[in-house]
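Report on the following structure.
There are 4 protein chains.
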Amino acid sequence: MSTITTTQHSSYLDALDRVITETIAPQAIEVDQAGSYPRAALEALGKAGLLGLISAKEVGGLGEAHRAATLVIEAIGKQCASTAMVVCMHYAGTAVIEAYGPREVREAIARGQHVTTLAFSESSSRSHFWAATSAATPLDGKIRLDAKKSWITGAGQADSYVWSSRPVLTEGLSTIWLVPSDAPGLRVVAPFNGLGLRGNASSPVIAEGVIVSEEAMLGEDGKGFDVMMGIVLPYFQLMNAALSVGLMEMATTRSAAHVSATKLEHLGQSIADLPTVRAYLARMRIKTDMARTLLLDTIAALESGREDAMLRVLEIKAAAGESSTEVADLAMRVCGGAAFRKEVGVERNFRDARASTVMAPTTDALYDFIGKAVCGMPLFG
Amino acid sequence: MSTITTTQHSSYLDALDRVITETIAPQAIEVDQAGSYPRAALEALGKAGLLGLISAKEVGGLGEAHRAATLVIEAIGKQCASTAMVVCMHYAGTAVIEAYGPREVREAIARGQHVTTLAFSESSSRSHFWAATSAATPLDGKIRLDAKKSWITGAGQADSYVWSSRPVLTEGLSTIWLVPSDAPGLRVVAPFNGLGLRGNASSPVIAEGVIVSEEAMLGEDGKGFDVMMGIVLPYFQLMNAALSVGLMEMATTRSAAHVSATKLEHLGQSIADLPTVRAYLARMRIKTDMARTLLLDTIAALESGREDAMLRVLEIKAAAGESSTEVADLAMRVCGGAAFRKEVGVERNFRDARASTVMAPTTDALYDFIGKAVCGMPLFG
Amino acid sequence: MSTITTTQHSSYLDALDRVITETIAPQAIEVDQAGSYPRAALEALGKAGLLGLISAKEVGGLGEAHRAATLVIEAIGKQCASTAMVVCMHYAGTAVIEAYGPREVREAIARGQHVTTLAFSESSSRSHFWAATSAATPLDGKIRLDAKKSWITGAGQADSYVWSSRPVLTEGLSTIWLVPSDAPGLRVVAPFNGLGLRGNASSPVIAEGVIVSEEAMLGEDGKGFDVMMGIVLPYFQLMNAALSVGLMEMATTRSAAHVSATKLEHLGQSIADLPTVRAYLARMRIKTDMARTLLLDTIAALESGREDAMLRVLEIKAAAGESSTEVADLAMRVCGGAAFRKEVGVERNFRDARASTVMAPTTDALYDFIGKAVCGMPLFG
Amino acid sequence: MSTITTTQHSSYLDALDRVITETIAPQAIEVDQAGSYPRAALEALGKAGLLGLISAKEVGGLGEAHRAATLVIEAIGKQCASTAMVVCMHYAGTAVIEAYGPREVREAIARGQHVTTLAFSESSSRSHFWAATSAATPLDGKIRLDAKKSWITGAGQADSYVWSSRPVLTEGLSTIWLVPSDAPGLRVVAPFNGLGLRGNASSPVIAEGVIVSEEAMLGEDGKGFDVMMGIVLPYFQLMNAALSVGLMEMATTRSAAHVSATKLEHLGQSIADLPTVRAYLARMRIKTDMARTLLLDTIAALESGREDAMLRVLEIKAAAGESSTEVADLAMRVCGGAAFRKEVGVERNFRDARASTVMAPTTDALYDFIGKAVCGMPLFG
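Residue numbers (our numbering), protein chains in the order written: chain A, 1 to 381; chain B, 382 to 762; chain C, 763 to 1143; chain D, 1144 to 1524.
Here it is in structure tokens:
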């Protein structure tokens, strides 16, 4: 049940289809079960030019923006949410590097030879990712970074981290850095063993005396908050929501197929003949479609500079994330024991869907921002 | 918090604004409290040309269609849901008359001098409006109608009823008729005293030996089901959903205003300073925006003939109706005792919102249709 | 479907049955529709000795306590929630008067010739009833009271108010007074026109220069908070929950009866033949029974001095109140248009049920207290 | 926060405490992570006399019944839901063997040297466990069993199966048998790899030409349905619900401990200082307590032969199962990323809790039975 075809034919989606069919889909089960980082997928995406999707054409990229990133993540997310999340973080980091990073890294990304990721959240401030507490200290004309990062996607696997710290010299909530993932002093603490998104190599990272040059600063000292809110947030919220929408679509489609195919032999019926089951499927279909139309409207709001664009950006991750846990929950219910034993495929959707609401900004944090916006209160402070 | 401005400037919306400001809004409280039919509003809409909104230009109408009808009902619904429902039923009936009715009635509608309404549901088949059980009997070259209609909006107030009965001579679920509301043998049974939509004059109507000519038939004998599904359903579902969306928007806006303005003097705070209240408001905002984006997408699906258009039409009333009861429920919670005592205005939203889910096709009936569609089963039979 | 018969035969319940059958039930519709105070019911209860239910035997009362008050309110609440709330407030006030009030008032209550009520909530502190902001000023050896009370059940109808103010001379959150309802300077501001509990004569009351003697103080100056929490809260929470449980029981029973009796003639079925409807009824039955068993357990916890008694007291109004709105919502859904048109009787349950969650302490305030208790935090401050 | 201590001191609970402390709790993580059958726990329970908990004293058992079985499963379930489910199935099977089985097996169970389990559900009838479709064929004075059992707890691990088939010679829905798990022709199809209850060795079992004697029949031919409903259902429903209640209690307790201990250093607060988090905890506490009081009331209803006992038995698994998934969902939300990374312990509760609703009779099947009971319809047919 293809829900929407508002997008015109796009060559990047054709290229993506091939990578999904040839690489991502075949490896999806292995990535989830073994919790292995989807390296082959990233290489294939790189060769297809898709790691440079939002890189400027002047550095060799495809020059796309929010809409393309959203549709790509949705499509990957239908087949492998772990891979989708790794790519989501790469695009989120790339957006910052495109604005402030060195040309050689931008070109490497566009060529498909550099994968980056975000490194914002810290143990001490939990999900309040905007509140950096880690240190950036001047040292012999360079900068020394020390931190306990709590949750980095692609930890030890990406080529670079887009990193937050307290400002070096100024006031402000944070400063952003580009840190090579092989810099001495960086240590990935523990392998990831999470409920869902098991292939995204998410792990705490410790930095002890990591030395970077002053040029590693992305944007101005103390202006990290503006980078997070102005550049990262719209991309991340849209892509995270797109992952949720992709998951919902799969959970709904798989559930409908399962109940249509499964027989209650003693009654001469299929499970789809039960009205209560059909009602659950209808709720799933509606929730999925509501989330997707809000997502597309959020893209439109951003693209046209609508005055409610920022409110929509805040809304979309909460809306899609909550909807996806509801839909996945119904999928588990509708598919019953078969789902529980992992036969239908919705069990993975169920586990992966929870990740969206756990990742910062969490649903509850977003509700607070949205509530403040609705009441005309300042979002921070 | 104006949510969307995707619509271009439309002259009918300007005309509507004036009618709302001058007539509908000032009478809204009276219509609800006294349960009085909004006759002045209908006259003003007629004079402004808006009763002919979807009438063809060739009979003097504005020649608009689904989008315009939806936006008009949403706008009226924000101020007076009872008036909006009366107009909704007029447009739903007009769509049938435009297709099959006599030119003089079409012209009267376009001139603003004829209000019509639907008369489908019957006591014996409850909310299954598509199953007519009432009689249409040949009698001396004419047709005799006998029925117990259970729930007609504008009963005894509209100029005509778009009426369903069993077929006269053929197979089929029903046949549709245009019946003047002053035809001998028609009797409005009881005044309406409902929880919400108190001004829509909804009442049972008894027909005993009502005589109409054969020309009163709208469409072919036995083809009523096709008329209901092909013409009425898309209009009604969209407009009913638009009413729900308008209600939600008001409930959300009023709640935000109330909690921002109301002080807890002993704490030196407003209610909006409570994080739990902000979280409720955020949920209201998100649910409202999801319903509205699905509504706009449904219009787009219909206009472009998208293959999922019929599925969207089935979804939208269930989606918007359920969302509006959830949002109105949160509004009552957020506004507390003040809402309960009717001070904030959301108490009327709360009562009116329930009507959407009660009106056929009910949410549960729609869930069943949608579930069948999702599972590839036939919708009827 | 009688749910529980754990209670032994109690003579007060027999007496109550007669009053309900002869007076309360016959007047229930009038009390709701006209919003009239249930004076006849109070007189009948007085004559039957039931206004003195929790008055000590030594002043002529029945000497009962929490369990009896709970069961009486539940039974009345099934037939007329407005009457039940008036009696609930009388018992809550009586508990304070029994502890600290003058013997003649205690005897008058026991004789059935004095009805009292609570007057705690104030405009300035909204639902935070424990934060009195109104004045009690020494004046010529007497006390002058000035206040804007926001929501008094039985305003202008009860014989006395159990009244809160700021302390006269000491620290503390409040002081409690017994104020005759005919004291000069008291003014009932407006008639009540609420969504539900329409017969409880709930209204704002203004006090300007009301003079009471020092003996009118109930308990010590500044110790009002202890009276509210130690005496009033357990009674009020239990009785308010009992009202919710009674409402739920009626909504469930009436809904089951309606769907069993109502036919879909074209299908040769009753509405109860629809599996989705049965599932809603099952949810209603379960929610009702869960609330009632928690209520009975809360009484047992109080009676035996269990260490979790106070936690249960906090829980029970939130649990029963939320459950009753959910059950009443399902009742409206299951009974559809018939409910909406007030034919089934559940529409009144639906309106009355909302009152429980609106009355202080609100569900959200209770959630905060319970959350603090669960986390080992102090409840206040 | 120990919720209830209505039970008197029971020696079996003391013995259980030791087994839990010494064996079950230390192995809980291993059982879940490796998906290993809790053999050591069963041996320890056997030595402590607890496998014979509901065996009659005349065969050496403890002579307890529903209440004891419920409390034992709740206590085990708090530490290891997989172990609890294995023991639950053992007691459910034991109840049938006690009624109809051979003395030597009853004595072996009482001595702790025989573990049994249920083998009802079949591939062809899915969760409708009462509809046996497998064959029992007379063969040379013996009985040949052939079946595709879809979901047997302790498959290949228990010593015997309490097995359902179609009747041999009579009408009726089923006949019950006692089948040794090492009987030739029995084959465990696949290892279990489920989302939760990972240590309960749940697996499909194929029977091809399994030969049992006529004495293996438990009860009369064709009377299996009566055994299932009269003996098995009350035990299973109570114990399954007890497992859900134990899970909820742990999820609530662990969540409260986590948010109280976890700091937001940049704010100088703990997570418990957030009002929205406290509100979630309050909901968890209330849902847990409502489910537990309904459970205790169901035991009381059974013990006293109350007329609503069967309705309560139907309700309790649905009530506790649904509540436990809601509570576990809130626990995941409240504990955020820490829960997702399995640090808090609630992630296992979240996975295990889903199993209750998946196991037959499912929540939706129970809703249908309850709905029929509420409407006075026959439960089957």
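Here a beta-carbon is modelled for each residue, glycine too, at the ideal position from N, C-alpha and C. In this text the structure is predicted, and so the values were computed from the model without any measurement.
Under 9 Å from the C-beta of residue i: neighbouring residues of chain C
i	result
glutamate 728 (chain B)	Gly956 and Leu957
histidine 447 (chain B)	Within chain C, no residue comes near histidine 447 (chain B); the closest Cβ sits about 26 Å away, beyond 9 Å.
Simplified DSSP assignment, three categories, for residue i
i	result
leucine 1064 (chain C)	helix
arginine 126 (chain A)	strand
lysine 438 (chain B)	helix
leucine 1288 (chain D)	strand
glutamine 1031 (chain C)	strand
threonine 3 (chain A)	Interpretation of threonine 3 (chain A) is limited by its pLDDT of 38, a score under 50 that renders its predicted location unreliable; the figure taken from the coordinates is listed afterwards. Coil.
methionine 1382 (chain D)	helix
leucine 186 (chain A)	strand
lysine 723 (chain B)	coil
serine 1277 (chain D)	coil
When the options are compared against residue i, the one with the closest alpha-carbon
i	options	result
phenylalanine 1368 (chain D)	D:Ile1349, D:Ala1404 and D:Pro1310	D:Pro1310
leucine 1073 (chain C)	D:Lys1285, D:Thr1505, D:Ile1429 and D:Ile1163	D:Ile1429
threonine 253 (chain A)	A:Gly321, A:Leu139, A:Thr288 and A:Leu274	A:Thr288
aspartate 1472 (chain D)	D:Arg1497, D:Gly1362 and D:Ser1268	D:Arg1497
serine 844 (chain C)	C:Ser1118, C:Gly874 and C:Glu976	C:Ser1118
valine 877 (chain C)	C:Arg906, C:Gly814 and C:Phe1142	C:Gly814
Close-in-space but distant-in-sequence residues of the same chain around residue i (CB under 7 Å, 5 per side omitted)
i	result
serine 1293 (chain D)	Ser1264, Glu1265, Ser1266 and Pro1347
serine 964 (chain C)	Trp913, Ile914, Thr915, Ala917, Phe954 and Gly956
glutamate 1173 (chain D)	Ser1179
aspartate 1495 (chain D)	Ala1224, Gly1339, Leu1340 and Leu1390
Cut-off 8 Å between Cβ atoms - residues of its own chain near residue i, not counting five sequence neighbours on either side
i	result
tyrosine 367 (chain A)	Ala318
glutamate 869 (chain C)	Val821 and Gly822
glycine 172 (chain A)	Asp221, Gly222, Lys223, Gly224 and Phe225
isoleucine 370 (chain A)	Leu311, Leu314, Glu315 and Ala318
lysine 1485 (chain D)	Arg1491
Residues of its chain near residue i, where Cβ-Cβ distance is below 6 Å and the 5 sequence neighbours each way are ignored
i	result
valine 313 (chain A)	Pro234 and Gln237
alanine 846 (chain C)	Ile835, Ile838, Gly839 and Leu1005
alanine 909 (chain C)	Ser896 and Ala969
glycine 219 (chain A)	Tyr100, Ile176 and Val227
lysine 978 (chain C)	Checking the displayed sequence, the identity of residue 978 (chain C) turns out to be alanine instead of lysine. Correct list, in chain order: Trp939 and Leu940.
lysine 644 (chain B)	Ser651
Contacts that residue i makes with chain A (C-beta to C-beta distance below 9 Å)
i	result
leucine 1473 (chain D)	Residues of chain A passing the Cβ test: none, with the nearest at roughly 11 Å.
arginine 666 (chain B)	Leu311, Glu315, Ile370, Gly371, Ala373 and Val374
Residues that residue i contacts on chain D, provided the C-beta gap is smaller than 7 Å
i	result
alanine 653 (chain B)	Within chain D, no residue comes near alanine 653 (chain B); the closest Cβ sits about 13 Å away, beyond 7 Å.
Per-residue contacts from residue i into chain A (C-beta, under 7 Å)
i	result
valine 1501 (chain D)	Gly336, Gly337 and Phe340
Listed by chain order, chain A residues near residue i by CB distance under 8 Å
i	result
alanine 1041 (chain C)	Thr276
Chain G residues whose Cβ lies nearer than 7 Å to that of residue i
i	result
tryptophan 913 (chain C)	Note that chain G does not occur in the displayed structure, where the protein chains are A, B, C and D.
Interface partners of residue i on chain D, CB under 9 Å
i	result
arginine 198 (chain A)	Within 9 Å Cβ-Cβ: nothing; arginine 198 (chain A) doesn't reach chain D, min ~11 Å.
Where residue i meets chain C, residues with beta-carbon distance less than 7 Å
i	result
aspartate 745 (chain B)	Thr1038
Under 8 Å by beta carbon: chain B residues contacting residue i
i	result
glutamate 1027 (chain C)	Ser505, Ser506 and Thr514
Problem - At least three beta-carbon pairs within less than 8 Å, the region 175-185 of chain A to the region 60-67 of chain A - result: By the Cβ criterion, the region 175-185 of chain A is not in contact with the region 60-67 of chain A, since fewer than three pairs of Cβ atoms, one from each stretch, lie closer than 8 Å.
Practice task
Check whether the region 798-810 of chain C touches the region 775-788 of chain C, counting contact only when three or more Cβ pairs, one atom from each stretch, lie closer than 8 Å.
Solution key: Enough Cβ pairs lie closer than 8 Å, so yes.
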